[in-house]
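Take a look at the structure below.
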């Protein structure tokens, strides 16, 4: 067997390798040595496996706490370029297929009848949870790599039936299967349960499906018939789900307000977990590794408003001597006087975490948002405008809910108006996504689907960019097996 099968074939290696489940504890029972027939015999064991599937993603996304993918280049990035190595996406490719394997193993067990003694509604919910998580993984894979194999619990064992270039499905076909999984999840997953606020539910699936529809309406597929579908499903989540905006933007990320109803889907860490990822994105003056430094050019485009000073660190405590010896003092230094002389991510860093917690990697009890209600409002506004050919009053009002909250009575960001052209309103919505959802992993995908990278990145950031760079290369171990993307 060729070495190149490592990722897409070896069981327990790569492909076949947070929540109450929802990633709430980011802990899981190992399943790699347990057969489905003797392990997945009750719902808690199935959900433990699903938690492991999310942990497999989280453990690879070392920079996810800052909302920046390690290696993904945007205008928010400090430095970086598009001179991609062939294995720049290896970590994402690996962790997503590991997660998918765990999910499919669990679904195969459920399908074989391992939990058939439980009520049918319980069984359907377990299947729906697995199909949601599989779709979530594939949504990231298809946007990063384009054509990929869509492996399910029914796919023949890829060790005995090795994958080939024809195993990679066309991008629309991958979306068809993502949508089928999410439609099922939206129908059969349980409703929101306030007693387990971080748990995925049918509204989580519908919010993600709305984003899938909106993405399909834009590049590379550009099927505009999906704009109304994205609009209508987003509207359903907005008007019928229990989720909503928090009254203030800082309440969304407050550690004392975990489980708030603006966050629809998140990685939820256990209290007391090591805050290594927080430390990684903080400036060196407060004990961090400066992984969260951002572009000063981009920061200067951010409207002057209270939200800016919450989402971006423009100043932070001064060290008392050695790097990392800062305290929670009132002596602050501007970013221009820091080691890197650029701003830093403000979400999920200081002052949400104390200097002591950052330095000692303590207290990582935090919600790392993946989908928020604000995101759904903006998805609705974008889709409604594009479907209608001009902004609607409801679209304008929903964008302004976010802008007015950001301005907090003193900010200078202009609000949307009904008299704007469709093009101007669309630009406003995308820019509002740029500001409100910064450092949450959305900007890169917005730039890709709107084909905006050359328009917003600086000359230095654009080094090496060609249109082929809208997709990552297939990692070197698997490219001989399933083929490579153009330009690599």
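In the working numbering, the protein residues as written are 1176 to 1663.
Every residue gets a Cβ at the ideal spot worked out from N, C-alpha and C, and that includes glycine.
- Drop a sphere of 10 angstroms on the beta-carbon of residue 1443, count the other beta-carbons inside from all chains shown, and report buried for 16 or more, exposed for fewer. buried
- Query: For residue 1439 versus residue 1306, is the C-beta distance shorter than 8 Å?
  - Reply: no
- Item | Cβ neighbour criterion (16 or more within 10 Å) applied to residue 1260 | exposed
- Candidates 1369, 1649 and 1472: which alpha carbon is nearest residue 1268's? 1649
- Message: Would residue 1574 and residue 1591 qualify as a contact pair, given that the criterion is a beta-carbon distance under 8 Å?
- Response: yes
- Residues bridged to residue 1438 [DSSP beta-bridge criterion]: 1547
- Item | Three-state secondary structure assigned by DSSP to residue 1280 | helix
- Query: If you draw a straight line from the alpha carbon of residue 1391 to that of residue 1625, how long is it in whole angstroms?
  - Reply: 11 Å
- Task: Pull up the DSSP beta-bridge partners for residue 1487, would you.
- Result: 1520
- Measure the Cβ-Cβ separation of residue 1508 and residue 1460 and say whether it is below 8 Å. yes
- Message: What does the Cβ neighbour count give for residue 1271, buried or exposed, with the cut at 16 atoms within 10 Å?
- Response: buried
- Nearest-angstrom Cα distance between residue 1644 and residue 1397? 18 Å
- Item | residue 1507, DSSP secondary structure in three states | strand
- Query: Apart from the five residues just before and just after residue 1406, which ones in its own chain have a Cβ nearer than 7 Å to its Cβ?
  - Reply: 1555, 1558, 1559 and 1562
- Just grab the DSSP bridge partners of residue 1468 for me. 1519
- Task: Alpha carbon to alpha carbon, how far is residue 1594 from residue 1453? Give it in angstroms, no decimals.
- Result: 43 Å
- Message: Using the Cβ count rule (16 or more neighbours within 10 Å means buried), how would you classify residue 1512?
- Response: exposed
- Which listed residue (1430, 1367, 1215 and 1653) has its alpha carbon closest to that of residue 1289: 1215
- Query: residue 1515 to residue 1363, Cα distance in whole Å?
  - Reply: 50 Å
- Answer with buried or exposed for residue 1244, where buried requires no fewer than 16 other C-beta atoms within 10 angstroms of its C-beta. Legend: pLDDT at residue 1244 = 43, less than 50; position of this residue unreliable, no value from coordinates given.
- Task: Tell me, please, which residues DSSP counts as bridged to residue 1635.
- Result: Answer is none; residue 1635 lacks a bridge partner.
- Classify residue 1218 as helix, strand or coil using the three-state DSSP reduction. helix
- Message: Any heavy atom of the ligand GTP closer than 7 Å to the beta-carbon of residue 1657?
- Response: As presented, the structure is devoid of all ligands, the ligand GTP included, so that no description of it is given.
- Message: Using DSSP's beta-bridge definition, name the partner residues of residue 1492.
- Response: 1507
- In its own chain, which residues sit with a C-beta less than 7 Å from the C-beta of residue 1327, not counting the 5 before and 5 after it? 1279
- Inter-residue Cα distance where the pair is residue 1616 and residue 1545: 8 Å
- Item | Cβ separation of residue 1533 and residue 1251, assumed to be a contact under 8 Å, to the nearest whole Å | About 22 Å separates the two Cβ atoms, so there is no contact after all.
- Task: Compare the C-alpha of residue 1466 against each of 1218, 1253 and 1356 and name the closest.
- Result: 1253
- Look at the alpha carbon of residue 1385 and the alpha carbon of residue 1273, and state the distance between them as a whole number of angstroms. 25 Å
- Could you pull out every residue in the same chain whose Cβ sits closer than 7 Å to the Cβ of residue 1521, ignoring the five residues on either side in sequence? 1485, 1486, 1487 and 1488
- Message: Using C-beta distances below 8 Å, list every residue in its chain close to residue 1209, excluding the 5 sequence neighbours before and after it, in chain order.
- Response: In this prediction, residue 1209 scores a pLDDT of 49, lower than 50, which makes its location untrustworthy; the coordinate-derived value is nonetheless stated afterwards. For residue 1209, where only same-chain residues beyond five positions count, there are no Cβ hits under 8 Å.
- Message: Please report the distance separating the alpha-carbon of residue 1428 from that of residue 1527.
- Response: 8 Å
- Under the three-state DSSP convention, the category residue 1327 falls into: coil
- In angstroms, rounded to a whole number, what distance separates the CA positions of residue 1431 and residue 1425? 11 Å
- Message: Tell me the DSSP secondary structure of residue 1575 in three-state form.
- Response: helix
- Query: So, using beta-carbon positions, are residue 1620 and residue 1318 closer together than 8 Å?
  - Reply: yes
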